[in-house]
Amino acid sequence: MPLLEFDNGFYCRQGDFYIDPYRPVDRAILTHGHSDHARSGMKHYLAHTESELILKARLGADAVIETLPYNVPVTINGVKVSLHPAGHIVGSAQVRVEYQGEVWVVSGDYKTEDDGISTPFEPVRCQHFVTESTFGLPIYQWEEQDVIMEKMYQWILKNREKGRASVLVAYTLGKSQRIVHGLAKYGIKIYAHGATVNMNEAVRPFRPELPMIEKLTKDTPKEDVLQGAILCPGSALDTPWLRRWYPYAVGVCSGWMQVRGAQRRRNADAGFVLSDHADWPGLLDAIEATGAENVWATHGFSSTLARFLTEERGLNGQVVKTQYGEEEE
Ligand SMILES: [Zn+2]
Ligand SMILES: [Zn+2]
Numbered sequence: 055m056p057l058l059e060f061d062n063g064f065y066c067r068q069g070d071f072y073i074d075p076y077r078p079v080d081r082a083i084l085t086h087g088h089s090d091h092a093r094s095g096m097k098h099y100l101a102h103t104e105s106e107l108i109l110k111a112r113l114g115a116d117a118v119i120e121t122l123p124y125n126v127p128v129t130i131n132g133v134k135v136s137l138h139p140a141g142h143i144v145g146s147a148q149v150r151v152e153y154q155g156e157v158w159v160v161s162g163d164y165k166t167e168d169d170g171i172s173t174p175f176e177p178v179r180c181q182h183f184v185t186e187s188t189f190g191l192p193i194y195q196w197e198e199q200d201v202i203m204e205k206m207y208q209w210i211l212k213n214r215e216k217g218r219a220s221v222l223v224a225y226t227l228g229k230s231q232r233i234v235h236g237l238a239k240y241g242i243k244i245y246a247h248g249a250t251v252n253m254n255e256a257v258r259p260f261r262p263e264l265p266m267i268e269k270l271t272k273d274t275p276k277e278d279v280l281q282g283a284i285l286c287p288g289s290a291l292d293t294p295w296l297r298r299w300y301p302y303a304v305g306v307c308s309g310w311m312q313v314r315g316a317q318r319r320r321n322a323d324a325g326f327v328l329s330d331h332a333d334w335p336g337l338l339d340a341i342e343a344t345g346a347e348n349v350w351a352t353h354g355f356s357s358t359l360a361r362f363l364t365e366e367r368g369l370n371g372q373v374v375k376t377q378y379g380e381e382e383e
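Sequential numbering from 55 applies to the sequence shown in the working numbering.
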């Protein structure tokens, strides 16, 4: 019997706990606060310290959440468990599980570029590595974050000249904080959707250097909005809340913007290729650094990645079907 089974997320029979389960269980260990990994209904949660306020905001104030810093092992029914930085969002963790010399690492979602907000990814040696594969195709290769932020800033200036507001569309958790952080050096003030403000506030106690953002209301002066940028989730597009600020241009911030046609399909005026997931070289580097012989590819282009690892790298690459990947909103 392997140490982890692919049942309702990842189940450790020896330790009797689940990692990122979909259905209610007694004991859940969460990799991070995105809604496809952090679901309600668990009796007890264990997550990284910096995920606590995010999880409280999403799972409800009465959720029982125990937290743990990175690199501090605990023992659950004889199984050694520890959390390690995944570099995906604030509080995101890889879960290392060890029993009788067998070591697994479930990485959740991760990225290898240091985004200046999340604790940077640290590879963890193991025999079995469970990797996401959201962008597991060679066409996905990201530019550096600074380059993307400069493009975003230039776009905002252009919109300003044309007398239209700039609307940046991004996940409320993770990407929005990167944008707030990245545009701060240009002095761009952010006017945000309430959901975005809430996530910013859940992160700020752990990142006091992250600028506060202002909630966009009908009383916000139009001239101020024109000088700054509106930040909101995709669900806010085509709502009266946003339409009030017309004329505006919409810039979608997502790794999917790398694909030709994606911008048009989302009716965006601009696409910024900014992702919280590893690109193809990032995935390969991360996998190699674990030294794992067995690599289990989940959500994304899992079969492409697993085949590549088996055929080109001599590893035991396999596909695991999971229910992750529909990240919030
Ligand atoms: Zn995620
Ligand atoms: Zn995910």
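Yeah, the Cβ is synthetic: ideal placement off N, Cα and C, and Gly gets one too. Note that the structure is predicted; figures quoted are calculated from it, not measured.
Check: Ligand 1 heavy atom lying under 7 Å from the CB of residue 163; Outcome: yes
Check: Rounded Cβ spacing between residue 266 and residue 108 (contact assumed at less than 8 Å); Outcome: Residue 266 to residue 108, Cβ: 17 Å. No contact.
Check: Coil, strand or helix - residue 287 by DSSP; Outcome: coil
Check: Other residues of its chain near residue 213: CB distance less than 6 Å, five sequence neighbours each side excluded; Outcome: 220, 303
Check: C-beta contact flag for residue 199 and residue 156 at 8 Å; Outcome: no
Check: Residue 134: first and last residue of the uninterrupted beta strand (DSSP E) it sits in; Outcome: 133-139
Check: Whole-angstrom C-beta distance between residue 141 and residue 165, which should lie under 8 Å; Outcome: 5 Å
Check: Between the CA atoms of residue 256 and residue 144 - distance to the nearest angstrom; Outcome: 10 Å
Check: Proximity test, residue 91 beta-carbon vs ligand 2 heavy atom, cut-off 7 Å; Outcome: yes
Check: Residue 98 CB to nearest heavy atom of ligand 1 below 7 Å; Outcome: no
Check: beta-carbon residue 88 near ligand 1 non-hydrogen atom, thresh 7 Å; Outcome: yes
Check: Residues bridged to residue 122 [DSSP beta-bridge criterion]; Outcome: 102
Check: Helix, strand or coil at residue 84 [DSSP, three-state]; Outcome: coil
Check: Heavy atom of ligand 1 within 7 Å of residue 142 beta-carbon; Outcome: yes
Check: Own chain partners of residue 358 with C-beta closer than 7 Å, once the 5 adjacent residues on each side are dropped; Outcome: 190, 191
Check: Heavy atom of ligand 2 within 7 Å of residue 102 beta-carbon; Outcome: no
Check: Run of the beta strand (DSSP E) containing residue 321, from where it starts to where it stops; Outcome: No beta strand (DSSP E) holds residue 321; DSSP gives it neither H nor E.
Check: Cβ-heavy atom distance, residue 378 to ligand 2, below 7 Å; Outcome: yes
Check: Residue 371 beta carbon less than 8 Å from that of residue 343; Outcome: no
Check: Selection from 290, 258, 260 that minimises the alpha carbon distance to residue 270; Outcome: 290
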